[in-house]
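As numbered in my numbering, residues 1 to 257 make up the sequence shown, in order. Just so it is clear, CB atoms sit at the ideal spot from N, CA and C, and this is done for glycine as well. The structure appears below as structure tokens.
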Amino acid sequence: MLFDTHCHLNDEAFVRDMEDVIAHAHEHGVTRMNVVGCDWESSMKAVEIAEDHEGIYAIVGVHPGDADTYCDELEEDLRKWADHEKVIAIGEIGLDYHYEDNPSKEVQEIVFRRQIRLAREVGLPIVIHSRDAMEDTMRVLKEERREGDYRGIFHCFSGSYEQSLVCLKMGFHISVGGPLTYPNSRKLPRIVEKLPLDRLLVETDCPYLSPQPRRGKRNEPANVRFVAEKIAELRDTTSEEISAKTTANALRLFRLV
């Protein structure tokens, strides 16, 4: 049993064959999936998909790349969706300095903080996106923690080992995906070897970041098994154990048990 904690079945890449993709995931033991929103439309679609499928849940929020679309009305919709029984987190939210045409750092930070506070208000964990912005991301998280506690995940973690320790100290889980399997990946495997297993999650981020055996092709939830297999290899254990432990971690974090 596997739990793909971060996928985008709401992406246009799955418009024609989403049901087949879900069935394929089930064939490979992926029984639970989180469909993650990036803006209003994709968040709404995530909720609709979750409503129609057992074992599929929605995460709603505004990605830093879309931070300039955030407004009071959108926040109110997020607040309403948060009451839905299939909505289990606020995300993906954070900071992304990779693209020059992204909203300004100031706008991204304001929207990041607003969504952290919303998550704290509604009692849901946050799913954090941080790209080329880890120092500022950590600063915001620490500052917001002073206002009250909250749970969360670093999605597709790309920080240093030292930063992973800070994340753990703050109570966050760390999620890894396809990049762990790439031949040129050096830092992430060393981190995964050392992380406490009870704080580790697996994901695909599909349709992006296909793991090595499927690299260059559209990613899908069924491929999360390759991530689990790589973790098992690094930690000298079985993929069955990694699947069971990471699934249990996700169920506990999202309060599904």
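Item: Tell me, which residues are paired with residue 32 by DSSP?; Value: 3
Item: Using 8 Å for Cβ pairs, my map puts residue 53 next to residue 93. What's the rounded Cβ distance?; Value: Rounded, the Cβ-Cβ distance is 24 Å, inconsistent with contact.
Item: Since residue 237 contacts residue 223 with CB under 8 Å, what's their CB separation in whole angstroms?; Value: About 20 Å; that fails the 8 Å criterion.
Item: Residue range of the alpha helix (DSSP H) that residue 62 falls in?; Value: No alpha helix (DSSP H) holds residue 62; DSSP gives it neither H nor E.
Item: Taking a contact to mean a Cβ-Cβ separation below 9 Å, would you say residue 99 touches residue 133 in this structure?; Value: no
Item: Compare the beta carbon distance of residue 35 and residue 46 with 9 Å and say whether it is the shorter of the two.; Value: yes
Item: Would you report the Cα separation of residue 39 and residue 195, rounded to the nearest angstrom?; Value: 31 Å
Item: From the DSSP secondary-structure annotation, give me the bridge partner or partners of residue 197.; Value: According to DSSP, which records beta bridges pairwise, residue 197 is partnered with nothing at all.
Item: Could you pull the DSSP bridge partners for residue 154 from this structure?; Value: 128, 174
Item: Can you give the beta carbon distance from residue 90 to residue 124, rounded, assuming they're within the 8 Å contact cut?; Value: 5 Å
Item: Report the option in 18, 33, 11 whose CA atom is closest to the CA atom of residue 256.; Value: 33
Item: Is the Cβ-Cβ distance between residue 226 and residue 188 less than 9 Å?; Value: no
Item: Below 8 Å on the Cβ atoms is my guess for residue 153 versus residue 5; work out the distance and round it to an integer in Å.; Value: 7 Å
Item: DSSP three-state call for residue 248: helix, strand or coil?; Value: helix
Item: On the DSSP bridge assignment, give the partners of residue 95 in chain order.; Value: 130
Item: Do residue 22 and residue 59 count as a contact pair if the criterion is CB distance below 9 Å?; Value: no
Item: Is the beta carbon of residue 173 sitting closer than 9 Å to the one on residue 249?; Value: yes
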